[in-house]
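Written out below as structure tokens is the structure these notes cover.
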Amino acid sequence: MEKPVLVVMAAGMGSRYGGLKQIDPVGGHGEAILDYSIYDAYEAGFRTAVIIIKEAIREDFMQTVGKRLEKSPMEIRYAYQELDKLPRGYSVPDGRTKPWGTSHAVLCARDAIGDAPFAVLNADDYYGKEAFRVIYDFLCENGDPQGYGYCMVGYELGKTVTEHGSVARGICVTDSHGYLADVAERTRVEKYPGGIHFTEDNGETWTDVPENATVSMNFWGYTRSFLEEIEARFPAFLDDALASNPLKGEFYLPKLVAQLLSEGKASVKVLHTPDKWFGVTYAADKPVVVESLRKMTQEGKYPEGLWD
4 MEKPVLVVMA AGMGSRYGGL KQIDPVGGHG EAILDYSIYD AYEAGFRTAV IIIKEAIRED
64 FMQTVGKRLE KSPMEIRYAY QELDKLPRGY SVPDGRTKPW GTSHAVLCAR DAIGDAPFAV
124 LNADDYYGKE AFRVIYDFLC ENGDPQGYGY CMVGYELGKT VTEHGSVARG ICVTDSHGYL
184 ADVAERTRVE KYPGGIHFTE DNGETWTDVP ENATVSMNFW GYTRSFLEEI EARFPAFLDD
244 ALASNPLKGE FYLPKLVAQL LSEGKASVKV LHTPDKWFGV TYAADKPVVV ESLRKMTQEG
304 KYPEGLWD
């Protein structure tokens, strides 16, 4: 079986953050969060990374993160998510600028991934070393490389929320064997003095969620079959989106996973990590990430200058 490939989604727009989070420096030597993910992935056993960007940020990306990654031991491949990468017979609606979603991003990387099993994550999220180890081991040990046995890394909700606003989280339900049964998408989850809660009616009512609830942070493990499912189902998504939400409809990875689960076609093993997740959903989150990485560097978890 081919070695697992790491797929990094870096084509998003970062509208709430107000800039290109993919290249924003957070490390002591100008590293972006993506640099740390590549470093941790290599330590875990990954040897190839496919980074998905878009042509509009190509020059900025290559002059910053791309130039640094040339010094990493990881083989780096690039794929490009563009609005007009659509099946024959479809075209971009007038006024559409938003990408077609995370499933489309992975589909755009199909040729760069090849037939290998692969892990998918966000470029602007810090996942922790253990997450890369458990997902790499699962992908290596997961029997049929063309089968429908997938996985995801689950985090404790309390280790993923921000002090600076609401977040969207997929709260996971697992069966007695540790497999994903359902994901409840909560689009407005917030910390408050008594704990963590979410609202579905714009703050009129709130429901508490335990801090140790398992949530998905979009760190998935798939086989080649998943690429085939995206390709097969993308036209149906487009038919619906172009009719109902032509400017903003998106084809998300969790939605496709949920479809496959509901059909009994796939299984998703929930892997666990004790690590804290860090992200920069809002610009005010950045100092927390910078300080956390500085502290981990002082503790010896990372070298001074990842690629020096």
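In the numbering used here, the protein residues as written are 4 to 311.
Cβ atoms here follow ideal geometry from the backbone N, Cα and C, with glycine treated the same way.
Heavy atom of the ligand HEM within 7 Å of residue i beta-carbon
i, result
"Glu307", "Ligands are entirely absent from the displayed structure, and the ligand HEM is therefore not among its contents."
8 Å CB neighbourhood of residue i in its chain, flanking five on each side removed
i, result
"Lys132", "Asp43, Glu46, Ala47, Asp278 and Lys304"
"Val283", "Tyr20, Lys24, Asp27, Val29, Ile36, Asp127, Lys289 and Val292"
"Val137", "Val156, Leu274, His275 and Thr276"
"Glu78", "Arg50, Thr51 and Ala52"
"Tyr139", "Pro7, Ala44, Ala47, Gly48, Phe49 and Ala122"
"Glu307", "Gly31, His32 and Thr300"
N- and C-terminal bounds of the alpha helix (DSSP H) containing residue i
i, result
"Arg91", "Note, Arg91: premise wrong, no alpha helix (DSSP H); not H, not E."
"Gln36", "The sequence given here has Ile at residue 36, not Gln. It spans Ile36 to Ala47 - the alpha helix (DSSP H) in which Ile36 sits, taken as one unbroken run."
"Arg99", "Note, Arg99: premise wrong, no alpha helix (DSSP H); not H, not E."
"Val137", "Lys132 to Glu144"
Which of helix, strand or coil DSSP assigns to residue i
i, result
"Lys194", "strand"
"Ile289", "Inspection of the sequence shows that residue 289 is occupied by Lys rather than by Ile. Lys289: helix per DSSP, three-state reduction."
"Asp243", "helix"
"Asp114", "helix"
"Tyr225", "strand"
"Gly252", "coil"
"His32", "coil"
"Ala59", "helix"
"Met4", "coil"
"Val260", "helix"
"Ala187", "strand"
"Tyr20", "Bear in mind that the predicted position of Tyr20 carries a pLDDT of just 38, short of 50, making it unreliable; the figure below should be weighed with that in mind. Tyr20: coil per DSSP, three-state reduction."
"Ser169", "coil"
"Val283", "coil"
"Thr67", "helix"
"Ser219", "strand"
"Asp311", "coil"
"Gly300", "Per the sequence shown, the amino acid found at residue 300 is Thr instead of Gly. Helix."
Opening and closing residue of the beta strand (DSSP E) in which residue i lies
i, result
"His180", "Here His180 belongs to no beta strand (DSSP E), and DSSP marks it neither H nor E."
"Tyr158", "Gly152 to Glu159"
"Ile345", "The structure shown does not extend to residue 345, since the chain is modelled only from 4 to 311, so the question has no answer here."
"Phe121", "Phe121 to Asn125"
"Leu9", "Val8 to Met12"
"Lys272", "Ser270 to His275"
"Ala82", "Glu78 to Tyr83"
Close beta carbons around residue i, own chain, < 6 Å, minus the five adjacent residues each side
i, result
"Phe135", "Asp43, Ala44 and Ala47"
"Glu34", "Leu309"
"Met16", "A caution first: Met16 carries a pLDDT of 47, below 50, which makes its placement in the model unreliable, though a value can still be read off. Closer than 6 Å at the Cβ level, and outside the excluded window around Met16, lies no residue."
"Glu193", "Ser169"
"Ala187", "Ile174"
"Leu250", "Gly98 and Arg99"
"His107", "Phe254"
"Leu241", "Tyr93"
"Thr217", "Gly157 and Cys175"
"Asp87", "Val95"
Cα-Cα separation between residue i and residue j, rounded to whole angstroms
i, j, result
"Asp2", "Thr300", "It is not possible to answer for residue 2, since the shown part of the chain is limited to 4 through 311."
"Cys111", "Ala52", "14 Å"
"Thr276", "Glu85", "33 Å"
"Phe49", "Phe121", "10 Å"
"Ser18", "Glu166", "With a pLDDT of only 41 at Ser18, under the threshold of 50, the placement of this residue in the model should not be trusted, and no figure is reported."
"Glu5", "Cys154", "17 Å"
"Glu207", "Glu266", "35 Å"
"His32", "Lys74", "14 Å"
"Lys57", "Val11", "12 Å"
"Arg91", "Trp103", "16 Å"
"Ala130", "Phe281", "According to the sequence as given, residue 130 is Tyr; it is not Ala. Roughly 7 Å separates the two Cα atoms."
"Val123", "Gly198", "30 Å"
"Ile54", "Pro76", "15 Å"
"Ala14", "Thr105", "9 Å"
"Leu256", "Leu89", "17 Å"
"Thr177", "Ala286", "33 Å"
"Ala82", "Ala115", "7 Å"
"Cys143", "Arg80", "21 Å"
Neighbour flag for residue i against chain B, beta carbons, 8 Å
i, result
"Ser75", "Protein chains in the displayed structure number just one, and chain B is not present."
Sequence-distant residues of the same chain with beta carbon closer than 7 Å to residue i, five excluded per side
i, result
"Lys162", "Lys279 and Trp280"
"Ser228", "Gln149, Gly150 and Tyr151"
"Asn210", "Per the sequence shown, the amino acid found at residue 210 is Thr instead of Asn. Cβ within range, chain order: His200 and Phe201."
Does the region 233-251 touch the region 174-193, meaning 3 or more C-beta pairs lie closer than 8 Å? Remark: fewer than three beta-carbon pairs, one from each stretch, lie closer than 8 Å, so the region 174-193 and the region 233-251 are not flagged as touching.
For the pair the region 63-71 and the region 86-97, tell me if three or more CB-CB distances fall below 8 Å. Counting Cβ pairs under 8 Å, fewer than three are found: no touch.
Sufficient close CB pairs (3 or more, under 8 Å) joining the region 207-227 to the region 151-159: Proximity of the region 207-227 to the region 151-159 meets the contact definition, three or more beta-carbon pairs being nearer than 8 Å.
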